[in-house]
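**Q** Numbering (the numbering used here), first residue to last: 40 to 125.
Glycine included, every Cβ here is placed at the ideal spot set by N, Cα and C.
No experiment lies behind these values; they were computed from the predicted model shown.
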Amino acid sequence: MAKVGFVPISFDAYVDLHMKSNPKDMTRTEVESALRSALTAHKNGASCDCGNPIWVIGSAFTGDACFTCITGEAYPDSDYEIDEAI
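1) Across which residues does DSSP place Glu120 in a beta bridge pair?
2) CB-CB under 6 Å to Val46, same chain, minus the five flanking residues each way: which ones, in chain order?
3) In the DSSP assignment, what are the bridge partners of Ser86?
4) Below 7 Å CB to CB, which residues in the same chain sit around Ile109 once its five sequence neighbours on both sides are set aside?
5) Mind checking whether Leu78 and Ala124 have CB atoms under 8 Å apart?
6) Check whether the Cβ atoms of Cys105 and Pro92 sit closer than 8 Å, and answer yes or no.
7) Taking Cys108 as part of the alpha helix (DSSP H), name the residues at either end of that continuous run.
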């Protein structure tokens, strides 16, 4: 199932963006580890409790869930997703 509406971003570019926007939130290593874990879960077919595929970027920081369950919004509007997950 393709993820529609997301803006694809490479793993490294997202880590750079996250570190720039949240410099004191987590270390770079922690961000990379969280994203790798969520990306692996996605590739292994992880789904949200509602049945939709997980949103890798959101799931890395909140637990395995889809975009809608994490944000409460129906569709992504210029929200990023790791390109490997789209």
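**A** Answer, in terms of the structure:
1) Locating residue 120 in the sequence shown gives position 81, counting from the first residue. In DSSP, Glu120 forms a bridge with Pro47.
2) Looking up residue 46 in the sequence shown gives position 7. For Val46, where only same-chain residues beyond five positions count, the Cβ hits under 6 Å are Ser117, Tyr119.
3) Your numbering for residue 86 matches position 47 in the sequence shown. In the DSSP output, where bridge partners are listed per residue, Ser86 has Pro92.
4) Numbered from 1 along the sequence shown, position 70 holds the residue referred to as residue 109. For Ile109, where only same-chain residues beyond five positions count, the Cβ hits under 7 Å are Trp94, Gly97, Thr101.
5) For the purposes of this step, residue 78 is taken as the residue at position 39 of the sequence shown. For the purposes of this step, residue 124 is taken as the residue at position 85 of the sequence shown. Closer than 8 Å, so yes.
6) Taking the sequence shown and counting its residues from 1, one reaches residue 105 at position 66. Taking the sequence shown and counting its residues from 1, one reaches residue 92 at position 53. Yes, the pair counts as a contact, with Cβ atoms nearer than the cut-off.
7) In the sequence shown, counting from the first residue as 1, residue 108 sits at position 69. Unbroken alpha helix (DSSP H) run through Cys108: 106–110.
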